[in-house]
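Asker:
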Amino acid sequence: MEVHAEDPVEARARALAARDDVGDRRAMLGATALLASVYAVGAVLQSAYVYATLVPGWQGVPVTARLAANFLAIGALLVALGVLRVQRWRSRWAIAGGIVAGAVVLSAVRLACQVAFGVYTDPDRSTVEAEVVAGLVIGSVSSGAGVWAAAARRALRSQARAAERENRLVHDALRALEHEEVRLRRAVAEGLHASLQQRLVLLTGRIDRLADRLEATGTVAPGDVPELREVRAEVETVRAQDVREMSRLLFPDQLEIGVVPAVRAIVRRLPPIIAVRVAASPELRAVDDPADPRLTMAERLLAVRVVEEALTNALKHATPTSVEVDLDMQGGALVVRVRDDGDGFDPATVTSSGLTRLRERVHLVGGTLAVRSATGAGTGVEARLPVEALRARPRGSQAPPRHDA
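Residues 0 to 404 in numbering that gives the first Met the number 0 are what the sequence shown lists, from first letter to last.
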């Protein structure tokens with residue numbers, strides 16, 4: 000006999016639907032029971048107070064008998080609504096029919112219990128009609144409130160899940176854009192190295208051969224060969240510096256290894272007169288381990304861009320003598336702090352277009368970026384970048400010690 004495995008998605012959907020149905024039924028029955036109980040107790044107390052002196056023989060009927068009749072009727076109403084599963088119905092006419100059916104059950108059980116418990120020994124027609132109408136009113140209003148509670152719960156649940164789906168779609172789209180950006184940056188960087196740099200190498204070789212030949216034949220003007228050498232030097236500069244720097248802007252060096260190596264590669268390009276310290280916490284090193292990376296490439300790239308932008312602003316505007324970069328993990332977020340001892344500025348009057356764009360990018364992934372500075376007091380940039388998924392380190396593993404550059 001062939002046994003087919005159940006589709007996990009369908010199984011989860013059925014389990015979720017069953018859980019929702021149970022919740023809706025509880026909401027309906029709970030609201031119905033609450034309203035009907037309040038009405039039942041209030042009606043009994045009012046009747047005991049108003050009619051005790053007007054109806055002969057009422058004093059001999061205990062209040063508990065009437066309460067018992069009412070609560071048994073409420074129980075019958077709840078059973079009827081639960082059996083009919085009115086909370087599942089969507090047609091207004093069907094719902095109205097279920098409410099009326101429940102009210103009829105409550106009214107009939109209530110009157111029968113009143114007679115059985117001695118509330119009425121031989122009720123006349125007007126008494127029966129009054130009790131039947133009262134039971135129908137109690138049952139209809141209470142059942143209607145219960146059905147409304149179930150419908151309201153269902154509507155709120157639908158809205159919450161729709162919002163959750165929308166947020167998930169936005170999140171997935173943002174992650175897809177980030178991964179695509181990383182892919183494009185890497186492709187362009189590789190293209191610069193593989194094609195443009197190779198072409199420049201070939202061009203340099205041709206210039207060298209031309210210069211050698213002209214120098215050997217001696218048929219050129221005295222200044223031609225030095226000029227060709229100068230052109231060759233400029234081409235070499237473009238190849239060795241400009242192309243490499245452009246490639247670095249698109250995809251930072253060492254980023255594939257981790258955030259810490261990429262940051263160290265950046266600070267190595269700072270002027271030697273600037274004292275630099277790079278500190279990485281054990282928690283950050285645990286998730287940035289090249290052997291077991293837990294940060295996505297997009298998360299690494301954004302963290303490195305924060306460091307780059309902060310250092311760029313410091314070099315352009317602050318003339319610092321020392322820079323500190325701290326990398327840490329706090330509460331599931333990658334924290335990047337860059338501080339310098341430069342001139343500082345007033346954030347209320349000075350804005351940086353680079354930091355503004357970076358702040359918008361950080362906000363898109365649910366993070367924050369704060370800039371703290373004062374004239375003559377240096378500048379601090381702090382970014383908190385939420386990490387999409389952190390797999391817990393195995394128990395007993397030791398985080399590496401904190402290192403400073």
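Where a beta carbon is used, it is the ideal one built from N, C-alpha and C, also for glycine.
What is the residue span of the beta strand (DSSP E) that Pro385 lies within?
Answerer: Taking the sequence shown and counting its residues from 1, one reaches residue 385 at position 386. Here the beta strand (DSSP E) through Pro385 covers 378-385.
Asker: What separation, rounded to the nearest whole angstrom, lies between the Cα atoms of Gly379 and Glu323?
Answerer: As a first step, residue 379 is located in the sequence shown; it is residue number 380 there, counting from the start. As a first step, residue 323 is located in the sequence shown; it is residue number 324 there, counting from the start. Computed Cα separation, rounded: 9 Å.
Asker: Quick check on the DSSP output: the alpha helix (DSSP H) that includes Leu209 runs from which residue to which?
Answerer: Position 210 of the sequence shown, counted from the first residue, corresponds to residue 209. Segment 196-216, the alpha helix (DSSP H) holding Leu209.
Asker: For the pair the stretch 6-16 and the stretch 26-44, tell me if three or more CB-CB distances fall below 8 Å.
Answerer: No, they do not touch.
Asker: In whole angstroms, what is the alpha-carbon distance linking Pro292 and Thr355?
Answerer: Locating residue 292 in the sequence shown gives position 293, where the first residue counts as 1. Locating residue 355 in the sequence shown gives position 356, where the first residue counts as 1. In a straight line, the C-alpha of Pro292 is about 29 Å away from that of Thr355.
Asker: Expressed to the nearest angstrom, what Euclidean distance is found between the alpha-carbon atoms of Arg276 and Glu226?
Answerer: Counting from one through the sequence shown, the residue named residue 276 turns up at place 277. Counting from one through the sequence shown, the residue named residue 226 turns up at place 227. When rounded, the distance between both Cα atoms is 44 Å.
Asker: Applying the criterion that 16 or more other CB atoms from any shown protein chain within 10 Å of the CB defines a buried residue, is Val200 buried or exposed?
Answerer: If you number the sequence shown from 1, residue 200 lands on position 201. Exposed, because fewer than 16 other Cβ atoms sit within 10 Å of the Cβ of Val200.
Asker: Tell me the rounded alpha-carbon separation between Lys315 and Leu363.
Answerer: By one-based count along the sequence shown, residue 315 stands at place 316. By one-based count along the sequence shown, residue 363 stands at place 364. Approximately 27 Å, taken between the alpha carbons.
Asker: Count Cβ pairs between the stretch 101-113 and the stretch 64-75 that sit closer than 8 Å; are there 3 or more?
Answerer: Because the criterion of three Cβ pairs below 8 Å is met, the stretch 101-113 and the stretch 64-75 touch.
Asker: Could you have a look at Leu326 and say whether DSSP puts it in helix, strand or coil?
Answerer: In the sequence shown, residue 326 corresponds to position 327, counting from 1. Residue state, collapsed to three classes: strand.
Asker: Whose CA, out of Thr218, Arg212, Asp339, lies closest to the CA of Leu269?
Answerer: Position 270 of the sequence shown, counted from the first residue, corresponds to residue 269. Considering only alpha carbons, the answer is Asp339.
Asker: Just checking my contact of Gly331 with Gly377 at CB under 8 Å: how many whole Å lie between their CB atoms?
Answerer: Within the sequence shown, residue 331 is the residue found at index 332, counting from 1. Within the sequence shown, residue 377 is the residue found at index 378, counting from 1. No, Gly331 and Gly377 are not in contact; Cβ-Cβ is about 29 Å, not under 8 Å.
Asker: Starting from the C-beta of Leu300, find all residues in its chain whose C-beta is less than 7 Å away, skip the five residues before and the five after it, and write them out in chain order.
Answerer: Position 301 of the sequence shown, counted from the first residue, corresponds to residue 300. Excluding positions up to five away in sequence, the list reads Val181, Leu254.
Asker: Are Ala79 and Gly96 touching if we call contact CB-CB under 9 Å?
Answerer: Along the sequence shown, one-based indexing puts residue 79 at 80. Along the sequence shown, one-based indexing puts residue 96 at 97. Cβ distance not < 9 Å, so Ala79 and Gly96 don't count as in contact.
Asker: Have a look at Gly365, Gln196, Arg198, Glu229 and flag the residue whose alpha-carbon is nearest the alpha-carbon of Ala210.
Answerer: Within the sequence shown, the letter at position 211 stands for residue 210. Closest option to Ala210, Cα to Cα, is Glu229.
Asker: With a threshold of 6 Å on Cβ separation, who are the neighbours of Gln86 within its own chain once the five nearest residues in sequence on each side are excluded?
Answerer: Taking the first residue of the sequence shown as position 1, residue 86 is located at position 87. So the list reads Asp23, Arg24, Met27, Ala149, once near-sequence residues are dropped.
Asker: Could you check which residue in Val104, Gln158, Ala115, Ser90 has the C-alpha nearest to that of Ala67?
Answerer: Here the question's residue 67 lines up with position 68 in the sequence shown. It is Ala115.
Asker: Residues in its own chain within less than 7 Å of Glu235 by CB, not counting five upstream and five downstream?
Answerer: Against the sequence shown, residue 235 aligns to sequence position 236. Cβ within range, chain order: Thr203.
Asker: Considering only the beta carbon of each residue, do Asp252 and Arg156 sit closer than 9 Å?
Answerer: As a working note, residue 252 is residue 253 in the sequence shown. As a working note, residue 156 is residue 157 in the sequence shown. In this structure, Arg156 does not lie closer than 9 Å to Asp252 by Cβ.
Asker: May I have the straight-line CA-CA distance separating Val386 from Gly257, to the nearest angstrom?
Answerer: On the sequence shown, residue 386 is found 387 positions in, with the first residue counted as 1. On the sequence shown, residue 257 is found 258 positions in, with the first residue counted as 1. For Val386 and Gly257, the distance between alpha carbons rounds to 14 Å.
Asker: Over the uninterrupted alpha helix (DSSP H) stretch that includes Val337, give me the two end residues.
Answerer: Your numbering for residue 337 matches position 338 in the sequence shown. Where Val337 is concerned, there is no enclosing alpha helix (DSSP H), although the beta strand (DSSP E) it sits in stretches over 332-339.
Asker: Do the CB positions of Val361 and Leu384 come within less than 9 Å of each other?
Answerer: As a first step, residue 361 must be located in the sequence shown, where it is residue number 362. As a first step, residue 384 must be located in the sequence shown, where it is residue number 385. Their beta carbons are under 9 Å apart, which means Val361 touches Leu384 by this criterion.
Asker: So what's Leu368 in DSSP terms, helix, strand or just coil?
Answerer: The residue you call residue 368 lines up with position 369 of the sequence shown. Strand.
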